[in-house]
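Protein sequence lines correspond, in order, to chains A and B.
Here the first sequence is numbered in UniProt numbering, starting from 1 and rising by one per residue.
Here the second sequence is numbered in UniProt numbering, starting from 1 and rising by one per residue.
Number of protein chains: 2
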Amino acid sequence: MVVPEELPIPNIPNSPLPTVVIVGGGFAGLKLARKLKSAPYQVILLDKHNYHQFQPLFYQVATAGLEPSAISFPLRKIFHNSPNTIFRMAEVQSFDSEENRLYTNIGYIDYDFLVLAMGADTNYFGNKSIEYYSVPMKTVSEALFVRNKIISNYERAINIELQENRKSLMNVVIVGGGPTGVELAGAMAELRNNVLPKDYPELNFDNMKVVLIEAGPKLLGAMSKESQDHSLQYLEELGVEVMLDTKVQDYDGEEVHIEGKESISTQTLLWAAGIKPNYIEGLSKEHYAPNGRIFVNEFNEVSGLEGIYVLGDVALQTEENFPKGHPQVAQVALQQAENLGKNLINISKGQEMKAFHYKDLGSMATVGRKRAVVDLPFMKFQGMMAWLTWLFVHLMAILGVKNKLFIFIDWAWNYLSFDSSLRLLIKPKYVRASERKELIEEK
Amino acid sequence: MVVPEELPIPNIPNSPLPTVVIVGGGFAGLKLARKLKSAPYQVILLDKHNYHQFQPLFYQVATAGLEPSAISFPLRKIFHNSPNTIFRMAEVQSFDSEENRLYTNIGYIDYDFLVLAMGADTNYFGNKSIEYYSVPMKTVSEALFVRNKIISNYERAINIELQENRKSLMNVVIVGGGPTGVELAGAMAELRNNVLPKDYPELNFDNMKVVLIEAGPKLLGAMSKESQDHSLQYLEELGVEVMLDTKVQDYDGEEVHIEGKESISTQTLLWAAGIKPNYIEGLSKEHYAPNGRIFVNEFNEVSGLEGIYVLGDVALQTEENFPKGHPQVAQVALQQAENLGKNLINISKGQEMKAFHYKDLGSMATVGRKRAVVDLPFMKFQGMMAWLTWLFVHLMAILGVKNKLFIFIDWAWNYLSFDSSLRLLIKPKYVRASERKELIEEK
């Protein structure tokens with residue numbers, strides 16, 4: 001166990017109000033903090049970044065369609081006029097449910113209510129070699145890394161004489177047939193079809209494979225059969241090689257080894273095959289399901305621990321229609337946060353809490369321009385209309401008028417020009433002088 | 001000397017045309033390459049980045065007003081329809097003027113004409129300790145680093161109990177009273193006056209010093225007295241502490257030591273005090289001035305070496321009005337490139353070359369909203385009109401309609417809201433798994 005910080009987090013204003021500490025500024029944590037803006041609580045929001053990340057559009061950052069800033073929003077800005085809400089950039093370490101104390105890298109804090117909304121990270125299912133060589137997509141920095149990697153692979157490929165030797169730099173293999181994998185594969189194929197050949201006229205893009213590998217028999221497992229079939233058809237129209245019922249065995253940075261099939265050469269293996277909840281020390285074993293989610297009751301409260309709540313990807317709550325828990329998607333996180341917000345307000349008024357019931361509002365995924373699939377509770381549709389629906393829903397969900405405006409212009413521009421213009425290899429190239437070796441040696 | 005690459009750069013298409021190799025895609029190199037788009041030459045443009053950087057706006061990236069992508073432009077995109085222009089991302093190492101061969105990290109290339117337009121880097125005047133601890137501003141990555149550093153300093157400052165101990169995190173010291181220093185100081189003061197207090201209500205911003213140190217007796221040394229006086233007045237109105245005739249002696253990462261004055265606590269020393277030309281091996285000592293610039297004749301040709309040209313910050317060319325060479329500014333680089341472009345076209349037609357004469361079109365600097373200074377050959381003005389002129393001229397100079405549009409919206413937004421919204425600490429936090437220690441150890 002990490003040694004806990006022995007001092008309280010400094011400069012937290014004294015407040016007579018009960019303290020709600022929220023761990024994580026993702027969909028659930030941010031929604032709850034906003035919901036409690038005018039409630040009689042002191043709300044302390046903690047996140048390891050100083051911004052909220054809009055995960056559904058990471059894949060567009062990776063494929064040079066959007067800037068990281070367009071889908072990130074400074075958390076402090078959201079609470080400019082909320083004196084009861086305090087933000088701290090911090091990494092949580094553990095909590096003591098008897099003392100009501102949370103330990104972080106900047107000190108400890110005492111809570112009345114603790115809300116764990118830490119989200120999930122990439123799951124490599126124990127394969128260290130894949131973890132070592134593949135690239136995940138769970139933060140905006142990782143998405144930017146994917147973009148930089150692909151561009152620099154092409155700048156390297158162009159300097160290789162034999163086409164045979166360029167293969168592993170040009171091919172892109174994506175593992176995982178969920179929305180991230182499907183959207184990434186579609187966008188990558190469009191880059192290959194429309195954008196990259198203009199940038200690299202010396203290279204033959206017929207040799208660039210975009211492969212999507214899924215272990216199960218279907219893409220978009222949680223969606224309708226119509227959506228599954230259409231998304232497969234769309235990907236094939238764009239020239240993506242889709243491999244269903246296919247298991248990746250291993251990856252050594254050069255070759256993807258596949259069960260029962262020929263291996264594929266690539267230096268770019270994008271891993272979107274699974275997630276695992278982020279972990280915080282403080283609960284005993286019986287609170288965890290084998291997949292790392294924390295059991296909660298119908299109020300999102302950890303069973304047997306009053307005042308400790310879990311939201312979103314980390315929470316495992318069963319309902320009649322969800323005997324294995326809710327899907328780990330944004331909609332669930334948002335609805336749980338909304339419900340918990342109401343319940344905390346009810347508590348402050350001495351009223352009863354309401355049980356959470358998930359209402360599936362539908363789901364959607366986009367494969368490429370004019371190619372998307374939408375499942376609503378009352379209807380399903382695909383193609384152009386689905387694509388426009390997808391664009392509209394995501395634009396509305398993005399925080400901030402300016403971000404909306406910039407994304408709208410970016411999308412309109414990319415649509416009209418068939419060209420995403422953000423192919424900039426702006427790498428963290430600058431190494432602070434104090435970390436530069438030659439200077440350290442000279443000193 | 002670096003061992004030269006022994007193979008030619010691969011995949012350069014064969015061409016019967018004479019080859020012009022341009023080193024550097026800055027103002028001069030890019031202008032020349034565009035000028036030669038339809039000329040009877042094979043043009044090979046080399047740069048260590050895959051994008052052109054618009055240096056005059058680096059300071060706005062550093063102060064969270066603009067995104068790096070807004071002031072960067074992919075070089076490949078510019079030459080989509082120019083089959084005679086080839087771009088390669090490469091670092092040059094040396095050249096052999098007898099063999100007409102340029103060596104780079106991706107191989108060598110034989111040229112008929114070589115154009116050196118490598119620009120300049122930060123000059124620390126030999127002070128290793130300042131180089132070690134201070135932060136430069138000569139690339140867009142460095143500008144982004146400044147932004148991240150300032151934001152993370154504030155996130156750290158808020159966790160420090162005693163105001164006294166927060167000082168070095170909050171203070172910002174800028175060295176160099178040229179346009180970069182003045183513009184940076186003004187923008188930093190505006191951040192302190194308008195933006196940061198909203199983000200960090202717990203901190204007292206009266207304690208944040210913004211200090212601008214200049215060794216000479218005047219700010220904006222190259223401009224008119226009116227502009228110098230006004231810029232000083234504007235900075236003081238914004239609350240910048242301007243120290244003229246002041247020399248920084250040393251810096252240890254915590255304290256700036258100043259000749260004959262009290263030292264200043266800061267962890268953020270921004271160094272904009274001087275530049276030195278980038279160096280390439282291949283010329284003998286007599287070609288260099290003591291400041292590292294390369295002597296050229298009136299055609300920008302290296303004296304005594306036919307077919308080797310130098311443009312921009314690296315070139316040292318004297319004229320009647322410029323006995324010590326032209327100022328190292330964008331205007332000179334652009335005009336020299338224009339002239340050399342014409343001359344190379346003339347050469348291809350068997351016509352005479354024209355001598356270069358610099359025409360000073362004026363200069364300008366902006367200190368803050370509605371506060372700028374403009375010197376034109378026929379008039380000088382300051383204030384609101386100068387500010388609008390500055391905005392218009394820079395907007396027009398930016399490459400690409402989309403970049404213009406985004407910058408325009410950003411500026412309009414910041415103007416109306418008194419709030420630059422890009423306060424995102426999107427750091428290169430993601431470390432590729434293969435570089436992560438714990439994984440390497442486990443493997």
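All residues carry an ideal CB built from backbone N, CA and C; glycine is no exception.
As assigned by DSSP and simplified to three states, the class of glycine 368 (chain A) = Looking at glycine 368 (chain A) - three-state DSSP - the assignment turns out to be strand.
Which residues of chain A have a Cβ atom closer than 8 Å to the Cβ of aspartate 199 (chain B), listed in chain order?
-> By Cβ distance, chain A contributes Pro74, Arg76, Lys77, His80.
Determine whether the Cβ of valine 405 (chain A) lies closer than 8 Å to any Cβ atom of chain B.
-> In the sequence on display, residue 405 (chain A) carries leucine and not valine. Interface residue, yes.
Could you say which of A:Glu320, A:Ala189, A:Asn339, A:Asp112 lies nearest to leucine 305 (chain A) if we only look at CA atoms?
-> A check of alpha carbon separations from leucine 305 (chain A) across A:Glu320, A:Ala189, A:Asn339, A:Asp112 identifies A:Asp112 as the nearest.
Along chain B, in chain order, which residues have C-beta atoms closer than 9 Å to that of glutamine 11 (chain A)?
-> For the record, residue 11 (chain A) in the displayed sequence is asparagine; it is not glutamine. Result: Ile158, Asn159, Ile160, Glu161, Glu202, Leu203.
Taking a Cβ distance cut-off of 7 Å, strictly less, list which residues of the region 62-73 of chain A are near chain B, in chain order.
-> Residues Glu67, Pro68, Ser69, Ser72.
Would you please verify whether the beta carbon of asparagine 297 (chain A) is less than 8 Å from any beta carbon of chain B?
-> No, no contact with chain B.
Interface residues of the region 171-202 of chain A facing chain B [CB-CB below 8 Å] = Listed in sequence order: Lys198, Asp199, Tyr200, Pro201, Glu202.
Given a cut-off of 8 Å, decide if asparagine 291 (chain B) and alanine 120 (chain B) are closer than it, judged by their beta-carbon atoms.
-> Not closer than 8 Å, so no.
Does isoleucine 398 (chain B) have its Cβ less than 8 Å from a Cβ in chain A?
-> Output row for isoleucine 398 (chain B): interface = no.
Using DSSP bridges, identify the partner residues of serine 94 (chain A).
-> The partner list for serine 94 (chain A) (beta bridge, DSSP) reads A:Tyr103, A:Glu281.
In chain B, what lies closer than 7 Å to tryptophan 413 (chain A) by C-beta?
-> Near tryptophan 413 (chain A) (Cβ distances below 7 Å), the residues of chain B are Lys402.
is_contact[methionine 137 (chain A), chain B] using C-beta, thresh 8 Å | No, its Cβ sits nowhere closer than 8 Å to a Cβ of chain B.
Consult DSSP for methionine 118 (chain A) and reduce its assignment to one of helix, strand or coil.
-> The answer is coil: DSSP assigns methionine 118 (chain A) none of H, G, I, E or B.
In this structure, what does DSSP give as the bridge partners for proline 74 (chain B)?
-> The partner list for proline 74 (chain B) (beta bridge, DSSP) reads B:Tyr51.
Do you know how far the Cα of glutamate 155 (chain B) is from the Cα of leucine 184 (chain B)?
-> Cα-Cα distance, rounded: 21 Å.
Euclidean distance between Cα positions of isoleucine 130 (chain A) and alanine 365 (chain A) | Taking the straight line from one Cα to the other gives about 26 Å.
Could you tell me which of A:Lys48, A:Asp47, A:Asn414, A:Phe381 sits nearest to aspartate 229 (chain A), measuring between CA atoms?
-> Comparing Cα positions, the closest option is A:Phe381.
Could you give the DSSP three-state label for leucine 203 (chain A): helix, strand or coil?
-> DSSP places leucine 203 (chain A) in coil when its eight states are reduced to three.
Reference valine 23 (chain A), options A:Met385, A:Trp411, A:Val310, A:Ala273, closest by Cα = The shortest Cα separation from valine 23 (chain A) among A:Met385, A:Trp411, A:Val310, A:Ala273 belongs to A:Val310.
In this structure, does DSSP put histidine 80 (chain A) in helix, strand or coil?
-> Coil at histidine 80 (chain A), not helix or strand.
Going by the CB atoms, is the gap between valine 248 (chain A) and valine 256 (chain A) shorter than 8 Å?
-> Yes.
Contact list for methionine 384 (chain A) against chain B, beta-carbon separation under 7 Å | In chain order: nothing, as chain B lies at least about 24 Å away.
What residue range is occupied by the uninterrupted alpha helix (DSSP H) comprising tyrosine 132 (chain A)?
-> Secondary structure note for tyrosine 132 (chain A): its alpha helix (DSSP H) is the uninterrupted segment 128-133.
Whose CA, out of B:Leu270, B:Ser224, B:Asn100, B:Asp47, lies closest to the CA of methionine 118 (chain B)?
-> The closest CA to that of methionine 118 (chain B), considering only B:Leu270, B:Ser224, B:Asn100, B:Asp47, is found on B:Asp47.
Status (buried if at least 16 other CB within 10 Å, exposed otherwise) for phenylalanine 418 (chain A) = By the Cβ neighbour-count rule, phenylalanine 418 (chain A) is exposed, with fewer than 16 other Cβ atoms within 10 Å of its own.
Glycine 400 (chain B) and phenylalanine 58 (chain B) closer than 8 Å at C-beta | Judged by their CB atoms, glycine 400 (chain B) and phenylalanine 58 (chain B) are not nearer to each other than the 8 Å cut-off.
Close Cβ partners of glutamate 438 (chain A) (< 6 Å) along its chain, the five nearest in sequence each way excluded = Caution applies to glutamate 438 (chain A), whose pLDDT of 44 falls short of 50 and renders its modelled position unreliable; the model cannot decide the point.
Straight-line gap, serine 434 (chain B) to lysine 128 (chain A) (C-alpha atoms, nearest Å) = Note that serine 434 (chain B) has pLDDT 43, beneath the 50 cutoff, so the model's placement of it is unreliable and no number is given.
Glutamate 286 (chain A) lies in the alpha helix (DSSP H); which residues open and close that run?
-> Looking at the DSSP string, glutamate 286 (chain A) is not in any alpha helix (DSSP H), and its letter there is neither H nor E.
In the structure shown, what three-state DSSP assignment does serine 303 (chain A) receive?
-> Secondary structure of serine 303 (chain A) (DSSP, three-state): coil.
What number of angstroms, rounded off, separates the C-alpha of proline 4 (chain A) from the C-alpha of isoleucine 280 (chain A)?
-> Its pLDDT being 49, under 50, proline 4 (chain A) is placed unreliably by the model, and nothing is read from it.
Taking Cβ-Cβ distances shorter than 8 Å, what residues in chain A pair up with isoleucine 106 (chain B)?
-> Here the neighbours are Asn159.
Do alanine 337 (chain A) and alanine 28 (chain A) have their C-beta atoms within less than 8 Å of each other?
-> Their beta carbons are under 8 Å apart, which means alanine 337 (chain A) touches alanine 28 (chain A) by this criterion.
Return helix, strand or coil for tyrosine 309 (chain B), following the three-state DSSP convention.
-> For tyrosine 309 (chain B), the three-state secondary structure derived from DSSP is strand.
Selection from B:Ser134, B:Gly341, B:Ser284, B:Lys35 that minimises the alpha carbon distance to alanine 355 (chain B) = When the alpha-carbon of alanine 355 (chain B) is set against those of B:Ser134, B:Gly341, B:Ser284, B:Lys35, the nearest one is in B:Gly341.
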